[in-house]
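These protein sequence lines are chains A and B, in that order. Following my numbering, the numbering of the first sequence begins with 1 at its first residue and continues without gaps. Following my numbering, the numbering of the second sequence begins with 1 at its first residue and continues without gaps. Right, one structure below, let's go through it.
Protein chains: 2
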Amino acid sequence: MTETDVELLRERGLRVTQGRIAVLEVLEQLPHADAEHVHAALIERGHDTSVQSVHNVLGDLTGAGILRRFEPERSAARYERRIDDNHHHAVCSSCGRVEDVDCVVGEAPCLHAQAPAGFTIQAANVTFVGLCAECAAAAAEAATATAGATA
Amino acid sequence: MTETDVELLRERGLRVTQGRIAVLEVLEQLPHADAEHVHAALIERGHDTSVQSVHNVLGDLTGAGILRRFEPERSAARYERRIDDNHHHAVCSSCGRVEDVDCVVGEAPCLHAQAPAGFTIQAANVTFVGLCAECAAAAAEAATATAGATA
DNA sequence: GTCGTTCTTTTGAATTATTCACGATAACTG
DNA sequence: CAGTTATCGTGAATAATTCAAAAGAACGAC
Numbered sequence: 001m002t003e004t005d006v007e008l009l010r011e012r013g014l015r016v017t018q019g020r021i022a023v024l025e026v027l028e029q030l031p032h033a034d035a036e037h038v039h040a041a042l043i044e045r046g047h048d049t050s051v052q053s054v055h056n057v058l059g060d061l062t063g064a065g066i067l068r069r070f071e072p073e074r075s076a077a078r079y080e081r082r083i084d085d086n087h088h089h090a091v092c093s094s095c096g097r098v099e100d101v102d103c104v105v106g107e108a109p110c111l112h113a114q115a116p117a118g119f120t121i122q123a124a125n126v127t128f129v130g131l132c133a134e135c136a137a138a139a140a141e142a143a144t145a146t147a148g149a150t151a
Numbered sequence: 001m002t003e004t005d006v007e008l009l010r011e012r013g014l015r016v017t018q019g020r021i022a023v024l025e026v027l028e029q030l031p032h033a034d035a036e037h038v039h040a041a042l043i044e045r046g047h048d049t050s051v052q053s054v055h056n057v058l059g060d061l062t063g064a065g066i067l068r069r070f071e072p073e074r075s076a077a078r079y080e081r082r083i084d085d086n087h088h089h090a091v092c093s094s095c096g097r098v099e100d101v102d103c104v105v106g107e108a109p110c111l112h113a114q115a116p117a118g119f120t121i122q123a124a125n126v127t128f129v130g131l132c133a134e135c136a137a138a139a140a141e142a143a144t145a146t147a148g149a150t151a
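Listed below in structure tokens is the structure:
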């Protein structure tokens, strides 16, 4: 995996540094981590670095097209490695968990929308908001518990 | 218009205050304003208030379902009055302008996506990123100018 | 109309995520 | 191996937003 990452960086004209490799490895395991989580994961693995440096690396990799950055509402920016396919995200409104949603439509989802006159669409960001399985179950349980208490 | 706004507030159980009415009027004219712009517009109209209070009002109105809040990437949160229909947004990556995009699909756009197991979708946020007509024209002009210079 | 309760606003500070600046360090080139 | 330059680390700075407590305004009751 690391060898591939090295090539990936070289391809984009970026220097291969320990920090960048480490960030890429972390994002392999934490697919939707924000800067703080990446930083924490790096510390855990013995990489002594700062949050600012993590932002720096994430910014560089995003700029180079290696990472994709997206910002769920009311939460910090998150980063992920899947950039080639255009998949979407489902954000749990209760616990904040982010899951991937593969686009049902071919490769350019919803790009045939009725854009304003002259507007050139380059990309579409689709985010679904809802309840993940666990939170939905918890909510249902809470509802029945309340109903039972008031009955 | 103001009478309607008054009723709107009452319906949602919110007290009718000058500030809230004023914010609603501003958003009638500036459909995708952020807190700072709303504040500036209020000052211009002689309403003496603070940015924090504007945030407060916007938060209350959003919580009451009168306003819709959305956050284009890398920009402050914006607010709009259109909440009943589920339209989308086109954000110009060059100038940051936001325009409305009416959904081509019926009422629930892309809601039939392949959600993760157990995930209950409540809403879909679709944002198109691209170049607005003006910025596209400017970019094209710059390109030809450069080509001419180097030729 | 007046009174009192409760919701809103105000003011100021605090928080969070991110960016900037610059000296120190490490990676690539020849 | 030495030189050049991208990158990292440290610290401060910025921007948007939230929080907390006291002052003020809106609504309902009388």
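Ideal Cβ positions, reconstructed from N, Cα and C, are used throughout, including at glycine. Here the structure is a predicted model, which means the values were calculated and not measured.
Which residue marks the beginning of the beta strand (DSSP E) containing residue i, and which one marks its end?
i                 : result
Thr120 of chain A : Thr120 to Leu131
Please decide whether residue i counts as near chain A, where near means a Cβ-Cβ distance under 9 Å.
i                 : result
Cys132 of chain B : yes
Gly59 of chain B  : no
Asn86 of chain B  : no
Thr127 of chain B : yes
Arg69 of chain B  : yes
Glu99 of chain B  : yes
Glu73 of chain B  : yes
Leu30 of chain B  : no
Name, please, each residue of chain A whose Cβ falls closer than 7 Å to the Cβ of residue i.
i                : result
Gly65 of chain B : The contacting residues do not exist; Gly65 of chain B stays about 15 Å from chain A at best.
Would residue i pass as an interface residue toward chain B - the criterion being a Cβ-Cβ separation below 9 Å?
i                 : result
Glu107 of chain A : The predicted position of Glu107 of chain A is uncertain, since its pLDDT is 45 and thus under 50; a value taken from the coordinates is nonetheless stated next. Taking Cβ atoms only, chain B never reaches closer than 9 Å to Glu107 of chain A, which makes this a no.
Asn56 of chain A  : no
Ala40 of chain A  : no
Ala151 of chain A : Its pLDDT being 42, under 50, Ala151 of chain A is placed unreliably in this model, and the coordinates cannot settle the point.
Asp5 of chain A   : no
Ala90 of chain A  : yes
Arg78 of chain A  : no
Report the neighbours of residue i on chain B: residues whose CB is nearer than 7 Å to its CB, in chain order.
i                : result
Ser93 of chain A : Gln122
Quick one: list the residues of chain B neighbouring residue i, beta-carbon separation under 9 Å, in chain order.
i                 : result
Thr62 of chain A  : Within 9 Å Cβ-Cβ: nothing; Thr62 of chain A doesn't reach chain B, min ~11 Å.
Gly118 of chain A : Leu131, Cys132, Ala133, Glu134, Ala136 and Ala137
Since residue i meets chain B, which of its residues come closer than 8 Å, beta carbon to beta carbon?
i                : result
Ala33 of chain A : Residues of chain B passing the Cβ test: none, with the nearest at roughly 17 Å.
Residue i versus chain A: which residues are under 9 Å apart at the beta carbon?
i                 : result
Ala115 of chain B : Ala90, Glu99, Val101, Phe128 and Gly130
Relative to the ligand GDP, is the shortest distance from any of its heavy atoms to the C-beta of residue i smaller than 8 Å?
i                : result
Glu28 of chain A : Absence of the ligand GDP is noted for the structure shown, with no ligands found whatsoever.
Whole runs of the beta strand (DSSP E) within the region 26–112 of chain A, excluding any shorter than 3 residues: 68–70, 78–80, 88–92 and 98–101
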